[in-house]
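Have a look at the structure below, then the notes.
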Ligand code: GLN
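In my numbering, the protein residues as written are 13 to 693.
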């Protein structure tokens, strides 16, 4: 990069470092503009969609603007969407490493697709006749990043996935306490359509307005919870009971619309779930069990109804009489069947689940649809009862609030992170989608999203809230820096956290190497006492070589006493007296390690995020290794190109004097060698 260009950049930084860093992360070769396509590409990689409402004015301005965006325009353009774009560019959205996350999910999806077990729901034709091979997944984060795969945009019957939402709608209208006069919060341990009710003790002063009929005995009988059929018929019955069926259904569709991003300005039906009337009729026609349940709820007195007197006999002179069916029962059932027959795509359902994950605010419209309190009260019941009689196992294994439906959908809520919906119509014995359950299981075995994972130190699973490079940096960085600075206190606390002090970095440099190089005798002893074994680094060097090279005799003696055959490291330094460029210092040491891991992994998005956060491209670690050394050694060509085009100097030298070009040569990275040689001359 020319001197003149560097000073341009410096003057931008002087104006506003934060904004200049953002700008710089996207412009190449010291240019003073950002290409419009680079900005679009960065947004796409962040998982935000171009049809995202929140980005519409930004895209309009980009269309109107030419290809080259200078600093002032860049800042005013990204400001049109508040902090969203800035967060995306800095890798601060809910899933910071969206591309890596997507790749992992793609892999899981392809494996699970092979599963063909299970049967379609057969009780009504519209469910029995769907294509059994359909399979889709959608994930929406609380920041509105969207992952989609397979049949993620096909409408299907939401069936029981409506239940947590009915429960929320009912709570929004009459409050938690009133709702729970009619339905319990207890896991049932039974099939979803079981007719058993929860017998509960009613306190002496129980005078609930709908429970008058039920005060003779000491027990009130109510559905176990809102997630089994009985409970869902009940919650449906609690939503605006005074209104007509049509008004109620419309109200509920609008509420669902709100959950999936519908706003009052949209055309009325654009974002509302479709109603499949034929499905509802069939549900009614074959719904003997549900109809029985409706009457049972009436019989216990817990179903809301207005008491009417027996009509006057309209056949006074005949043996004929007008058969009475309680309208409160038929209305609750009709509404329940109708809500089960709403159709949504996996993407819609994932959005609704993301609204729950986001404490009631729809991530895309940013509208509050449910109160925080409602969501907070719904999720525990969803967690303990959402998967019917498989809820306990599911909780232990997957550990997430979840709900399935016989239409083949499974929704999962990862609170404060994301909503997930998997759709695949073949069901297991409990009526849960076979592939849906399997996807859910694999999601938690790959990622630390189980409610009780806490901060696990198990590095074989990933924290989706961290970029992979940060995750790797956390697994070793702290211990290595502590060892190199002689900070035994930190090492002690890492030991009690059961952290592995033998874990090496991208060069397999371990705490023992750094303690030896820096002459930290006490640390070396501490590590050996804690069972840490000396292992060779990337170049075959053991810690003893570090101690020797730096004349730390006492440490050399310690290692010589161990019964280990040490090999000598091989470092290639072609021109030790050649030019040496400066390595930058950066206070946040873990961010430096993250940068070097990102370079190792050839993760250009991650490197770009760190640059946008202000990490200098040429920051060095405890061995004066830089991102370019690592990208070169690993043959990560894209990373090499990005670093060089963002001003990374070529002649940086590590602890042993090696430059990135030396490293590329030693590891025989042909394309990187070619690139660096060409760039140099
Ligand atoms: N409509 C179905 C029923 O009421 C819903 C059940 C389900 O999806 N588990 O039986």
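We put the CB at the ideal spot given by N, CA and C, even for glycine.
Given this structure, state the Cα-to-Cα distance separating residue i from residue j, to the nearest angstrom.
i           : j           : result
residue 354 : residue 142 : 15 Å
residue 9   : residue 436 : With the chain represented from 13 up to 693, any question about residue 9 goes unanswered, as that position is not in the structure.
residue 124 : residue 150 : 15 Å
residue 404 : residue 203 : 13 Å
residue 443 : residue 256 : 32 Å
residue 8   : residue 451 : Not covered by the structure: residue 8. The range shown for the chain is 13 to 693.
residue 312 : residue 210 : 11 Å
residue 23  : residue 33  : 12 Å
residue 370 : residue 121 : 25 Å
residue 687 : residue 655 : 12 Å
residue 240 : residue 57  : 40 Å
residue 208 : residue 401 : 13 Å
residue 178 : residue 285 : 14 Å
residue 191 : residue 36  : 55 Å
residue 530 : residue 670 : 19 Å
residue 475 : residue 160 : 20 Å
residue 406 : residue 399 : 7 Å
residue 309 : residue 135 : 23 Å
residue 261 : residue 347 : 7 Å
residue 582 : residue 162 : 49 Å
residue 314 : residue 182 : 15 Å
residue 478 : residue 201 : 37 Å
residue 218 : residue 212 : Low local confidence applies: a pLDDT of 44 at residue 218 is under 50, so the model's placement there is unreliable, and no value is given.
residue 51  : residue 41  : 16 Å
residue 541 : residue 175 : 57 Å
residue 220 : residue 319 : Note that residue 220 scores 45 on pLDDT, short of 50, meaning its location in the model is unreliable; the coordinates nonetheless yield the value given after this. Rounded to whole angstroms, residue 220 to residue 319 spans 15 Å at the Cα level.
residue 495 : residue 508 : 16 Å
From the DSSP output, which residues share a beta bridge with residue i?
i           : result
residue 286 : 355
residue 632 : 638
residue 150 : 160, 433
residue 422 : 416, 434
residue 474 : 459
residue 487 : Per DSSP, none; premise fails for residue 487.
residue 439 : 131, 445
residue 233 : 211
residue 260 : Note: residue 260 sits in no beta bridge, so no partner.
residue 168 : 356
residue 678 : Per DSSP, none; premise fails for residue 678.
residue 454 : Bridge partners of residue 454: none, in fact.
residue 380 : 373
residue 596 : 631
Taking the beta carbon of residue i as the centre, do at least 16 other beta carbons fall within 10 Å, making it buried, or is it exposed?
i           : result
residue 608 : buried
residue 501 : exposed
residue 76  : exposed
residue 288 : buried
residue 28  : exposed
residue 415 : buried
residue 421 : buried
residue 336 : exposed
residue 427 : buried
residue 4   : Residue coverage of the chain in this structure runs from 13 to 693, which leaves residue 4 outside it and unanswerable.
residue 302 : buried
residue 69  : exposed
residue 350 : buried
residue 330 : exposed
residue 259 : exposed
residue 67  : buried
residue 59  : buried
residue 616 : buried
residue 413 : buried
residue 625 : buried
residue 304 : exposed
residue 129 : exposed
residue 341 : buried
Review point. Counting pairs of beta carbons, one from the segment 664-678 and one from the segment 620-640, are three or more of them closer than 8 Å?
Key: yes
Check your understanding: Do the segment 368-378 and the segment 434-448 touch if we need at least three Cβ pairs shorter than 8 Å?
Key -> no
Check your understanding: Do the segment 232-252 and the segment 178-196 make contact, defined as three or more Cβ pairs closer than 8 Å?
Key -> yes
Review point. Can you give, in chain order, each stretch of the alpha helix (DSSP H) that sits fully within the segment 311-354 and has at least 4 residues?
Key: 339-352
Exercise for review: Mind the definition here: the segment 646-658 touches the segment 679-691 only if three or more C-beta pairs lie below 8 Å; say whether that holds.
Suggested key: yes
Practice item. Indicate whether the contact test is met: 3 or more Cβ pairs, each with one atom in the segment 254-269 and one in the segment 230-242, closer than 8 Å. Key: no
Review point. What are the uninterrupted segments assigned as beta strand (DSSP E) that are 3 or more residues long and contained completely in the segment 41-124, given in chain order?
Key: 45-47, 80-82
Review point. So does the segment 311-327 actually touch the segment 390-409, counting three or more Cβ pairs closer than 8 Å?
Key: no
Review point. Per the contact definition of three or more C-beta pairs closer than 8 Å, is the segment 586-598 in contact with the segment 559-566?
Key: no
Practice item. For the segment 41-49 and the segment 79-90, state whether three or more C-beta atom pairs, one from each stretch, are separated by less than 8 Å. Key: yes
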